[in-house]
Structures are given as C-alpha cells and as structure tokens.
Amino acid sequence: MSDPRKSTKGDKPRKRKRDSLPDSQPKKARIEIQRAPKIENQPYHIVTTSFYLSLAPKYAFHAEKIFPQNISTEDDEAANYMKSLNPKTGIEKHHLDPMLMQFYEPVNGIIIAYNNIRFESQTAKITAEAPYAYVWTTVDLLVWRPRKEMILKGMVTLQSASHIGLLVDNTWNASIPLAKIPNDWKFVENEEAEEEAEEAGLWVDAKGDKLEGLLRFEVDTLKAGGHIFAMEGTLLNTEKIERATLPE
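58 is the number that the working numbering gives to position 61 of the sequence shown; each next residue is one higher, with no gaps.
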C-alpha cells in the first residue's frame, strides 16, 4: 500500500501558506475620507488623511512617563515644557502647523485647521537610510475647497470700473472682472473722488440698487499653489445665483 503522505505522480506540491502581515506593518496611506454629508455650495470639508511622518528625537517619547520624578504636579513652566515633549507635539510643530493656510494638492484645498491626531502603531520605525523614526499618523483636516460653478457670497470691499473685489468669510479674496459683470449693471463714477483713488465710484445693479454689503457670485476660475490662492467669480448667471441655497 502506498503512503498517503507521499504525493502521487501528477499531483502538484502544495505551497506553504504565507503568514499574514502583522498589524504593525505600515498600511497604505488613506488620501482622504469624507466624514460629512455633501451640502450644496459648501466649500468647507472635514477630511481624514494619513501621513508617513518623521519624529525628531526630542519628541519621540513621553517625558512624564520616562522622567516622572522630574515633573512636579504643580503647574509650573518647567513641568509644562517637559510635558510638551511628546510625539503629538512634535507632529504638530514640525509637520501640521507649517501646512496651515496652504494649498495641499492631495486634498485639493487649503488646510485651515486639524484635529484628532492618532498614530496607527504604538512604536515608530527607523530605516537604515533615515536619521529619524517614522510613523503613520492619521489626522482630521478642515479643508476649504471651493469648486467651479459653486455659489458663494462675499463682502464687497472694492468697486472700480474694471472689477469688483470681495472678501469671502473675512479670509478669502475674490475678484469679479468687468467681463463677468452683467451688461445692465452700471458703474457710477464719483466726481468728488480723486483720480488715483482705488474706489472712484460704485456699481448699480439692474434694479437700480447700489452694490454694498454681501454679494452672491458664481465661482468661475481657481488658481492655487502654496500660500498663493486666486479666485475669480461671475455674476452673469443671475437666475442660478438668486435661487441657490447657501449654508448658514
């Protein structure tokens, strides 16, 4: 009788099943995960993103755990400084803070704030060619991401015969060039204004109302890169602009 443990001719040898990777192995970065329902004409989004970030040795430990005897329970300056020497503070100072108010291409918007920092492993990893330890870090980002054809509103800050200047949410500049202003709007010059004055008059809409306060507009073009952000709007699609529902 043949030994059943031996493979017969024609049988393919079985390959040993590889063990699955442990959870401590780096995972593929999550570019973004929308956490809030999409709202029409809402440029603000909460985005969850993962980064593979370095940790400077200064912040690669928890001082209160390693040197508890050197940190008093009192709220003094030295104790607070020692408590600040932790991985989260290092990630904030060296990586996240420099990204604020900058356009970040992977999330296609400007990062306004961040929250809820968490590490995907208990320990960081050092590779042969790097002087620092690295760790996957997940964080929630508040991103300002307007898009073409979105309806926004801004405070009128400048009026001239060539364009209208707006300030959206007291932060973002927008410009509406003459070609994107309706033909039935009129620019009324201020005869008393000086020739070199930025505002030599004001705009009057088709109803004869002076242009002031908040003005709705449609986003037409966007240009962004680093700290540079430029947005142009249009007022030509009057019906769409008037009917649009804007978030409060």
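Note that the Cβ used here is the ideal one computed from N, Cα and C, for glycine as well.
- Going by DSSP, Ala76 is part of the alpha helix (DSSP H) stretching over Glu74 to Lys80.
- In the three-state reduction of the DSSP assignment, Asp94 falls in the helix class.
- In summary, Pro40 is buried, with 16 or more beta-carbon neighbours lying within 10 Å of its beta-carbon over all protein chains present.
- Using a 10 angstroms sphere on the CB of Glu209, the tally of other CB atoms stays under 16, which defines it as exposed.
- When the alpha-carbon of Leu93 is set against those of Arg115, Ile123 and Val153, the nearest one is in Arg115.
- The Cβ atoms of Val136 and Ile107 do not sit closer than 8 angstroms to each other.
- Annotation: Glu37 is outside any beta strand (DSSP E) and is labelled neither H nor E by DSSP.
- Here Tyr56 carries a helix assignment [DSSP, helix/strand/coil].
- Remark: three or more beta-carbon pairs, one from each stretch, lie closer than 8 angstroms, so the region 145 to 159 and the region 202 to 218 are flagged as touching.
- Here Ala197 is actually not in contact with Trp182; their C-beta atoms are around 16 angstroms apart, not less than 8 angstroms.
- Per DSSP, reduced to three states, the secondary structure at Ile225 is strand.
- Thr154 and Ile161 have their C-alpha atoms some 8 angstroms from each other.
- Here DSSP, grouped into helix, strand and coil, assigns Ala110 to strand.
- For Glu236, the closest C-alpha among the options Pro179, Val201 and Gly205 is that of Pro179.
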